[in-house]
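**Q**
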Amino acid sequence: MHGHDTAQRALGALATRQPAVVIHVAARRGIAVPPVGVRAVYTPDQGLAGTLGDPSLDRAVVAAAPSALAAGEARTLIMAPDGRAASRRDAAYLEVFFDPVIPTPHLVIVGAGHVAQPLAVMAPLLGFRTTVIDDRADYASPERFPSVDTLIAAPIGPALAQLAIDQETYLVLVTRGHRFDEEALRRVLASP
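At the far end of the sequence shown sits residue 278, using our numbering, and the numbering has no gaps.
This is the structure we're talking about:
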């Protein structure tokens, strides 16, 4: 897979909020194929797009990619030409770099009262993209929530129905009453 194709696939995964691992050959010794710089992209839903040039290597990186995703950190594995574990002392090996591309977690705060304000300030500091929803426009205002990514002043149920909620979405229900919390909870119960 060429660099442009790899980038497009990784960006496509991010656009749909799907995790992916960009895999590329960083170094090699004692073998001609695959060349340094060859890339592939792994996604849990679609598997491997591209190839490292050998079915054994492809199977090995598909087996290793989920642990790179779970760790959420880049890592390098040393592999023999047939995909087994190897070391730099071996006559022939590849250094295969695994770079996870993980969607930014999304915090949805339902309710714009006094509890929501400090939470909305802390969320970006912790790496969250933040949305605040409240049906009261005077509460869900840019003056009260200057640091949020998305501010929605609309009825809670319909506003939640418009959001894409996935495995990287976290919800905090802090509305002005249990009835509104329950309405919000009912809307999101069927989400991933």
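Even glycine gets a Cβ: it sits at the ideal position worked out from N, Cα and C. These numbers were taken from a predicted model, which means no experiment stands behind them.
With a 10 Å radius around its C-beta and 16 neighbouring C-beta atoms as the bar for buried, classify Tyr282 as buried or exposed.
**A** The structure shown does not extend to residue 282, since the chain is modelled only from 87 through 278, so no value can be given for it.
**Q** What residues are listed by DSSP as bridge partners for Val187?
**A** Ala106
**Q** Using 8 Å as the Cβ pair cut-off and three pairs as the minimum, do the segment 125-133 and the segment 98-107 touch?
**A** yes
**Q** Where does the unbroken beta strand (DSSP E) through Ile117 begin, and where does it stop?
**A** Ile117 -> no beta strand (DSSP E), and no H or E assigned at all.
**Q** Determine the extent of the beta strand (DSSP E) in which Leu257 is found, giving its start and end residues.
**A** Thr255 to Leu259
**Q** Could you spell out where the alpha helix (DSSP H) holding Gly243 opens and where it closes?
**A** Ile242 to Gln248
**Q** Starting from Val148 and walking both ways along the alpha helix (DSSP H), at which residues does that stretch end?
**A** Pro141 to Ala157
**Q** Taking 8 Å as the cut-off, does the segment 200-219 touch the segment 175-187 (at least 3 CB pairs, one atom from each stretch)?
**A** no
**Q** Can you tell me whether Leu138 is buried or exposed, with buried defined as 16 or more other CB within 10 angstroms of its CB?
**A** buried
**Q** Rounded to whole angstroms, what's the CA-CA distance from Asp267 to Leu259? Just pull it up for me.
**A** Straight across, the Cα-Cα distance linking Asp267 with Leu259 is about 6 Å.
**Q** If I follow the unbroken beta strand (DSSP E) through Arg125, where does it start and stop?
**A** Arg125 to Thr129
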